[in-house]
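Please read the structure below before turning to the comments.
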Amino acid sequence: MKIGLVDRVDSISALLRMLGMYLASSASLVAANAAQLITFAILARSFGAEEFGLFISVTAITSIAVHICGLGASECLIRRVARDHTIYPAMLGHNLILSLASGAILVLIGMAVLPFWIRLDASALINALTMLLLLITNIVLVRLITLTEQIFIAHSQFAAANRSVIGFALARTIAAATACLVFGVTRLTDWAVWQFATHMLVMLIYARSLRRLGPPRYCIVRDELKLGVLFATPFIFRAIRQNADLIVLASVANQEIVGSYGVVRRIVDSSYLSIDAMNRLIYPGLARLSATGIHHMMGHIWKLLLAAIAIGVGTALVIYVAAPYLPLLFGQEYTSLVVFCRILSATPILLALWAIAIDGLGAAGLHGPRAAILNTANALGAGVIAWASWVAPPAGTFISIYVIEGSIVIVAWLVLLHLARKSRQAAVMAGQESTHT
Numbered sequence: 001m002k003i004g005l006v007d008r009v010d011s012i013s014a015l016l017r018m019l020g021m022y023l024a025s026s027a028s029l030v031a032a033n034a035a036q037l038i039t040f041a042i043l044a045r046s047f048g049a050e051e052f053g054l055f056i057s058v059t060a061i062t063s064i065a066v067h068i069c070g071l072g073a074s075e076c077l078i079r080r081v082a083r084d085h086t087i088y089p090a091m092l093g094h095n096l097i098l099s100l101a102s103g104a105i106l107v108l109i110g111m112a113v114l115p116f117w118i119r120l121d122a123s124a125l126i127n128a129l130t131m132l133l134l135l136i137t138n139i140v141l142v143r144l145i146t147l148t149e150q151i152f153i154a155h156s157q158f159a160a161a162n163r164s165v166i167g168f169a170l171a172r173t174i175a176a177a178t179a180c181l182v183f184g185v186t187r188l189t190d191w192a193v194w195q196f197a198t199h200m201l202v203m204l205i206y207a208r209s210l211r212r213l214g215p216p217r218y219c220i221v222r223d224e225l226k227l228g229v230l231f232a233t234p235f236i237f238r239a240i241r242q243n244a245d246l247i248v249l250a251s252v253a254n255q256e257i258v259g260s261y262g263v264v265r266r267i268v269d270s271s272y273l274s275i276d277a278m279n280r281l282i283y284p285g286l287a288r289l290s291a292t293g294i295h296h297m298m299g300h301i302w303k304l305l306l307a308a309i310a311i312g313v314g315t316a317l318v319i320y321v322a323a324p325y326l327p328l329l330f331g332q333e334y335t336s337l338v339v340f341c342r343i344l345s346a347t348p349i350l351l352a353l354w355a356i357a358i359d360g361l362g363a364a365g366l367h368g369p370r371a372a373i374l375n376t377a378n379a380l381g382a383g384v385i386a387w388a389s390w391v392a393p394p395a396g397t398f399i400s401i402y403v404i405e406g407s408i409v410i411v412a413w414l415v416l417l418h419l420a421r422k423s424r425q426a427a428v429m430a431g432q433e434s435t436h437t
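Using this note's numbering, you'd call the opening residue of the sequence shown number 1 and step up by one each time.
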């Protein structure tokens, strides 16, 4: 009886500890998300629809590139360092080499194309310099800064990870408020300088905070290159799909619709943080549980699914209820903002449903099936959403988003359950063979 009582107390204590960590993680991401939205609102009000439309266009393109930068190396850092901390120096060096090398190539490609496509200033020199600062900041510096959070997560230092997320978001908000509200910045060409300086400062501070964990050992971990690319490609294709609508709408709709839709997409995409707050806590644990077979983590997966559904529904309700107040924050000239926000408010529920299955596959190291699901959905989805946005903007855009997200939910769970069943059968067969021998 006493043993049963002790086990029950330990179980409750473990649950309370996990709940406390989730609340801290969620609070940090929500606070960071709120800071990012305030930053977005300050820029939207200061720039105006025309200049803000340019900002949305550049952001859409660099959002794709930042997922390519690093070639997915950050995932293996979390997965392998969570299992063995002694491998951290090599994994850090692996990440830095890939991030800097791929980032340099992406910036060069961007400079060869974007200054001739997007005109930020009448002066060719200012236009090129502004684009260079935006590319370096939004691709290379963002990748290096967000690596800090992932390093702390790999070491299970979640409080430090939370501080890094909040600190980065607050730094950008303070920079936007200072530049726009104090110094009267109203153009993207001026904001690019402020943004670059802010990101450089944050990167240097974060690099110093990581010194206590040890220096990097610069090397390429060859067996992780393929897995890293497989991990990164779903995010790349998803970014392409998420920004194809913005690019197409920019060519067929007026700047108000583009601006309003860009704000709503930012809000909806940021709502994933409520799910990510949980996933970033359980990913290392799922990686350990699945080390000898994915079927070992399925008991935890079902519990996590219920929690994810609750979080997704709660997030959707918050977005729906908050929609009428958004024009007060972003400006009354964005007249479509409330309607667009309410139409897309239910998408976090679908995100929550497929994120658990996808992260389960990732934690188990099954990046092939994971990449196949997301890459196929996002590659096809990019074409579907671009076509729908072109043919029937913006109604076609909304319909295609729900069709794509719903399809990912169905396929992701079918694949996860199939692989878990195969893993369990293989374990049973191995046990029988061991018994016979």
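Beta carbons: idealized from backbone N, C-alpha and C, even for Gly.
Query	Result
Neighbour-count burial assignment, Tyr261, 16 or more Cβ in a 10 Å radius	buried
Phe196 vs Thr137 beta-carbon contact at 7 Å	yes
Euclidean distance between Cα positions of Gly72 and Ala101	13 Å
Pairwise C-alpha distance: Met200 and Val182	21 Å
Integer Cβ distance of Thr397 from Ala388, believed to fall under 8 Å	6 Å
Spatial neighbours of Arg440 in its chain, beta-carbon cut-off 7 Å, leaving aside the 5 residues before and after	Within the shown structure, residues of the chain are numbered from 1 to 437, placing residue 440 beyond reach of any answer.
Pair within 7 Å by beta-carbon distance, Asn243 and Ala379	no
As assigned by DSSP and simplified to three states, the class of Met1	Low confidence applies to Met1: its pLDDT is 49, below 50, so where it sits in the model is not reliable, and the reading given next is rough at best. Three-state DSSP puts Met1 in coil, outside helix and strand.
Proximity below 7 Å, CB of His367 to CB of Leu227	yes
Cα-Cα separation between Cys180 and Gly48, rounded to whole angstroms	12 Å
Continuous alpha helix (DSSP H) assignments of at least 4 residues falling wholly in the stretch 178–241	188–209
Inter-residue CB distance, Arg266 and Phe52 (contact presumed, cutoff 8 Å)	Contact flag wrong, Cβ pair sits at about 12 Å.
Cα-Cα separation between Ile87 and Ala363, rounded to whole angstroms	18 Å
Contact the stretch 54–69 vs the stretch 101–119: 3+ CB pairs below 8 Å	yes
Terminal residues of the alpha helix (DSSP H) in which Asp359 lies	347–363
Nearest residue (CA-CA) to Ala316, options Arg187, Leu351, Ile358, Pro215	Leu351
Those runs of the alpha helix (DSSP H) which lie wholly inside the stretch 366–399 and span at least 4 residues	367–391
Nonlocal neighbours in the same chain, by C-beta distance under 8 Å from Ala35, ignoring five residues either side	Ile166, Ala169, Leu170, Arg172, Thr173
Any non-hydrogen atom of the ligand MG within 6 Å of Ile153 CB	Absence of the ligand MG is noted for the structure shown, with no ligands found whatsoever.
Assigned exposure category for Gly381 - 16 Cβ within 10 Å defines buried	buried
Coil, strand or helix - Ala430 by DSSP	helix
Minimum C-alpha distance to His155 - residue among Asp245, Leu213, Ala124	Leu213
Any 3 or more C-beta pairs closer than 8 Å across the stretch 281–297 and the stretch 414–424	yes
Gly110 versus Pro394: straight-line alpha-carbon distance, rounded	28 Å
CB of Ile257 within 7 Å of CB of Ser336, strictly	yes
8 Å Cβ shell around Leu249 - same chain, five flanking residues per side excluded	Ile257, Val258, Tyr261, Ser389, Pro393, Pro394, Thr397
Option in Ser164, Thr189, Thr198 with minimal Cα separation from Thr178	Thr198
Classification of Asn162 by the beta-carbon crowding that lies within 10 angstroms, buried from 16 upward	buried
Whether Ala176 touches Leu43 by CB criterion (7 Å)	yes
Three-state secondary structure assigned by DSSP to Cys69	coil
Cβ-based burial, Gly312 [other Cβ within 10 Å; buried from 16]	buried
Three-state secondary structure assigned by DSSP to Glu333	coil
Same chain only: Cβ atoms within 7 Å of Leu210, ignoring 5 sequence neighbours per side	Thr148, Ile151
Boundaries of the alpha helix (DSSP H) in which Asn138 is found, first to last residue	Taken as a continuous stretch (DSSP letters only), Asn138 belongs to no alpha helix (DSSP H), as it is neither H nor E.
Simplified DSSP state of Leu304, which is helix, strand or coil	helix
Residue range of the alpha helix (DSSP H) that includes Ile109	88–117
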